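If you're matching positions, the sequence shown starts at 91 in the numbering used here and goes up one per residue.
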Amino acid sequence: MTSRVGFKFVRGFPFLKVAIVTASLAVGSPVHAEEALKRGPLAPSDLVVEIKSQGLDEVNAKVLTEMALDQPSVHKRLDGVRHRLLASEFKGQGDSSEYSLKVYDYDHDLLVDLKGRTTPDLKGIQSVRVHEVYQQLNPTDEEFDEAVQLLKQDENFGRSLLDGTLTAYKAMPGVIPQPSPANTNGRSERVISVGLMPQRANALPHEIVGINLSRMKVIRYPDRAPETTIATDVFCGWPNAGQYTTARGTQGQAEISIKKAGVELWKFTAVRPSASSGYWGSAVDLVNVTYKGKLMLSEMHVPILNVNYDGNVCGPYRDWQYSESAFNADGSNLASGIRRTVTRPETILESGTDFGNFRGIAVYTDGPETILVTELEAGWYRYISSYSFHEDGTIRPRFGFSGVEDSCICRVHHHHVFWRFDFEIGGHEAGNTVESFDGSRWNAIARETRQYREAATQKWRVSTSAPGNEIKGYVVEPGENDGTANAFGKGDAWILKYHEGQTDDSQAYIGTSNNLNAFVTGESVLDTDIVFWYGAHFTHDTQNPDTVAHVVGPTLRPY
Numbered sequence: 091m092t093s094r095v096g097f098k099f100v101r102g103f104p105f106l107k108v109a110i111v112t113a114s115l116a117v118g119s120p121v122h123a124e125e126a127l128k129r130g131p132l133a134p135s136d137l138v139v140e141i142k143s144q145g146l147d148e149v150n151a152k153v154l155t156e157m158a159l160d161q162p163s164v165h166k167r168l169d170g171v172r173h174r175l176l177a178s179e180f181k182g183q184g185d186s187s188e189y190s191l192k193v194y195d196y197d198h199d200l201l202v203d204l205k206g207r208t209t210p211d212l213k214g215i216q217s218v219r220v221h222e223v224y225q226q227l228n229p230t231d232e233e234f235d236e237a238v239q240l241l242k243q244d245e246n247f248g249r250s251l252l253d254g255t256l257t258a259y260k261a262m263p264g265v266i267p268q269p270s271p272a273n274t275n276g277r278s279e280r281v282i283s284v285g286l287m288p289q290r291a292n293a294l295p296h297e298i299v300g301i302n303l304s305r306m307k308v309i310r311y312p313d314r315a316p317e318t319t320i321a322t323d324v325f326c327g328w329p330n331a332g333q334y335t336t337a338r339g340t341q342g343q344a345e346i347s348i349k350k351a352g353v354e355l356w357k358f359t360a361v362r363p364s365a366s367s368g369y370w371g372s373a374v375d376l377v378n379v380t381y382k383g384k385l386m387l388s389e390m391h392v393p394i395l396n397v398n399y400d401g402n403v404c405g406p407y408r409d410w411q412y413s414e415s416a417f418n419a420d421g422s423n424l425a426s427g428i429r430r431t432v433t434r435p436e437t438i439l440e441s442g443t444d445f446g447n448f449r450g451i452a453v454y455t456d457g458p459e460t461i462l463v464t465e466l467e468a469g470w471y472r473y474i475s476s477y478s479f480h481e482d483g484t485i486r487p488r489f490g491f492s493g494v495e496d497s498c499i500c501r502v503h504h505h506h507v508f509w510r511f512d513f514e515i516g517g518h519e520a521g522n523t524v525e526s527f528d529g530s531r532w533n534a535i536a537r538e539t540r541q542y543r544e545a546a547t548q549k550w551r552v553s554t555s556a557p558g559n560e561i562k563g564y565v566v567e568p569g570e571n572d573g574t575a576n577a578f579g580k581g582d583a584w585i586l587k588y589h590e591g592q593t594d595d596s597q598a599y600i601g602t603s604n605n606l607n608a609f610v611t612g613e614s615v616l617d618t619d620i621v622f623w624y625g626a627h628f629t630h631d632t633q634n635p636d637t638v639a640h641v642v643g644p645t646l647r648p649y
């Protein structure tokens with residue numbers, strides 16, 4: 091059978107297979123060509139793409155991390171304590187260069203945040219400050235491996251893991267809430283979620299357990315799964331390759347210039363997902379996007395991504411956009427995590443496999459377009475982030491959805507992806523204005539607002555009144571598969587005045603849905619610095635053969 095929903099098969103024990111077929115769950119091959127980003131040979135192109143590494147690379151960042159961890163004040167705090175580096179961040183340049191290292195202290199169940207400045211040449215550490223916070227970050231691959239090793243010694247699961255009748259996988263949520271017995275100041279113990287997938291009919295049943303890395307203890311749950319997930323004998327999704335992802339803070343960025351006949355069309359800085367901005371990361375992060383020498387956007391990225399299920403049978407989850415998943419991309423690395431390819435890369439959407447040979451951003455040309463693409467991983471979900479830059483000034487942001495074997499994926503769920511477009515049409519000093527098209531005319535938006543796509547003709551345009559611009563503005567055209575928000579999604583567009591600290595909604599974060607409404611305060615958005623949030627929504631129903639494409643996203647069309 092041919093898949094209409096993007097998954098290779100639905101698997102269950104023999105006595106469940108009849109029920110699965112009766113329910114007509116779609117199985118078979120990868121998604122159709124129109125559902126993927128694109129397929130086939132690349133079209134000839136006369137575009138020239140130049141990629142120059144910028145800032146820190148992976149090697150230099152590792153050296154700086156080791157220097158910071160070797161500071162006397164850090165030794166004083168961490169020596170003799172069981173700890174692990176969970177994430178790192180390096181930002182700024184010259185005198186404003188800063189770093190933050192997140193180290194978990196398992197003996198005291200708290201996060202040690204090491205902050206300071208590097209030297210202007212990024213070759214040394216100037217300072218370090220030690221802070222303690224009660225916070226749980228997503229697990230690292232090292233933590234997952236430690237959790238699996240503990241399970242291999244467990245009397246219930248050890249033998250099955252060792253003989254291969256059970257395989258371990260990263261489940262959702264990554265960290266399971268487990269209040270500390272002391273329960274002071276919101277302190278919780280670090281419990282990693284591990285799924286156990288049976289590999290034959292007489293194996294132990296599917297189960298999701300928690301591994302308390304603070305107490306080195308296995309936790310089992312009623313109904314074989316924690317409260318916000320399920321573990322049944324029916325699985326949907328591609329086989330899980332179990333490959334490693336990139337750690338939060340793995341460095342890599344490059345200046346990318348796109349030229350035709352010696353004339354520069356596009357220029358921007360591309361930051362790989364593992365080093366992208368925002369609390370949850372933001373996938374492919376593009377900064378200072380210029381077209382023909384004129385600034386169009388200060389930043390373009392995906393800081394918010396979440397999913398909710400009908401009846402809350404699983405989740406809801408706030409996903410992260412920094413864990414790079416492996417996909418197939420043949421070419422040469424011109425910066426850390428940025429590869430120039432001469433053939434079309436294949437993500438899980440095109441290949442139908444969770445295996446790959448590269449993690450990061452692949453860059454390639456296809457006729458008049460230059461495309462950047464990456465694949466991301468959050469538990470059993472796989473996401474594709476892509477941007478296409480046309481020589482005529484058009485930008486096509488795209489986001490794709492897939493997943494690997496699990497039970498939750500079989501249930502109807504709704505993905506919500508939110509792009510943040512920080513427009514600067516005409517330059518930093520030029521004010522921008524937003525208008526909404528109601529089907530017959532354009533109407534200026536005077537104050538900050540949230541809007542829904544109420545008609546097929548709905549679109550927006552962001553423009554500048556500054557003189558001397560070949561491009562006056564951009565029309566934001568919704569994609570035909572972008573849907574409209576349910577109650578959990580909360581909206582389809584937010585028009586806001588720019589403020590620092592609003593790169594994502596982490597400062598207003600309550601629950602797993604987006605909290606962008608907290609930024610709508612009634613400020614004027616006429617002739618000012620505009621931030622345009624755009625939401626797209628994809629419903630995934632494995633039992634519905636008419637499920638629409640697995641790729642969503644607007645088109646930014648110049649005028």
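Think of the CB as a built atom: it goes at the ideal place given N, C-alpha and C, for glycine as much as any other residue. Remember, it's a predicted structure, so these values are computed and weren't measured experimentally.
Beta-bridge partners of residue i, as assigned by DSSP
i, result
"ILE141", "ILE346"
"TYR588", "BP columns for TYR588 are empty, so no partner."
"GLY625", "PHE508"
"GLU188", "LYS181, ARG207"
"GLU459", "ASP456, HIS480"
"ASN398", "HIS504"
"PRO269", "SER278"
"GLU389", "VAL377, ASP512"
Candidates the options: closest to residue i by CA position
i, options, result
"GLU525", "ARG540, GLY516, ARG551", "ARG551"
"CYS500", "PHE247, VAL149, THR645, PHE325", "PHE325"
"TYR412", "TRP532, ALA344, ARG449", "ARG449"
"ALA433", "ASN571, VAL223, SER422", "Here residue 433 turns out to be Thr, not Ala, going by the sequence shown. The shortest Cα separation from THR433 among ASN571, VAL223, SER422 belongs to SER422."
"ASN292", "THR255, ASN533, LEU286", "THR255"
"SER304", "LYS357, GLN226, CYS404", "GLN226"
"LEU355", "ALA365, TYR381, LEU376, GLU345", "TYR381"
"ASP374", "LYS350, GLN343, VAL153, THR523", "With the sequence shown as reference, residue 374 is identified as Val, and Asp is not the correct amino acid for it. Ranking the options by Cα distance to VAL374, first place goes to GLN343."
"GLY352", "GLY130, ALA577, GLY517, ASP136", "ASP136"
"TYR649", "ALA331, THR230, GLU560", "GLU560"
"GLU236", "GLU414, ASP313, ASN398, ARG174", "ARG174"
"GLY581", "ASN607, GLY285, SER426, SER596", "ASN607"
"ALA315", "GLY285, HIS480, ASP197, GLY558", "GLY285"
"LYS213", "LEU200, TYR194, ALA158", "ALA158"
"HIS630", "ASN398, MET306, LEU204", "ASN398"
"HIS627", "GLY573, HIS589, GLN633", "GLY573"
Run of the beta strand (DSSP E) containing residue i, from where it starts to where it stops
i, result
"ARG290", "Premise fails: ARG290 is in no beta strand (DSSP E) and is neither H nor E."
"HIS165", "It is not in any beta strand (DSSP E) - HIS165 instead sits in the alpha helix (DSSP H) that spans 162-168."
"THR523", "522-527"
"ARG647", "645-648"
"ARG219", "219-223"
"LYS357", "353-361"
"SER84", "Coverage of the chain is limited to positions 91 through 649, which leaves residue 84 absent and any answer about it impossible."
Cβ separation of residue i and residue j, assumed to be a contact under 8 Å, to the nearest whole Å
i, j, result
"TYR141", "ILE428", "What sits at residue 141 in the sequence shown is Ile, not Tyr. Contact flag correct, Cβ pair sits at about 6 Å."
"GLU459", "SER478", "5 Å"
"ASN396", "ASP409", "6 Å"
"VAL621", "ARG540", "In fact, because the Cβ distance is near 13 Å, the residues do not count as touching under 8 Å."
"SER163", "VAL202", "Incorrect: roughly 11 Å between the Cβ atoms, too far for contact."
Exposed unless 16 or more other CB atoms sit within 10 angstroms - verdict on residue i
i, result
"TYR81", "The requested residue 81 does not occur in the structure, where the chain is confined to residues 91 to 649."
"LYS181", "exposed"
"LYS166", "exposed"
"GLY625", "buried"
"GLY453", "Residue 453 is actually Val in this sequence, not Gly. Answer is buried; the Cβ neighbour count reaches 16."
"GLY457", "exposed"
"TRP532", "exposed"
"ALA258", "buried"
"VAL507", "buried"
"VAL642", "buried"
"VAL281", "buried"
"PHE289", "It should be pointed out that residue 289 corresponds to Gln in this sequence rather than to Phe. So GLN289 counts as exposed."
"GLU389", "buried"
"VAL171", "exposed"
"ALA126", "Per-residue confidence for ALA126 stands at a pLDDT of 48, beneath the threshold of 50, marking its modelled position as unreliable; the derived number appears in the next sentence. Flag for ALA126 reads buried."
"GLN239", "exposed"
"PRO229", "buried"
"ASP482", "exposed"
"GLU148", "buried"
Segment limits, alpha helix (DSSP H) that includes residue i
i, result
"SER441", "438-441"
"ALA534", "Note, ALA534: premise wrong, no alpha helix (DSSP H); beta strand (DSSP E) at 532-534."
"ASN150", "148-159"
"ALA237", "231-242"
Cβ-heavy atom distance, residue i to the ligand ADP, below 7 Å
i, result
"PRO131", "In the structure on display, the ligand ADP does not appear, and there are no ligands present to speak of."
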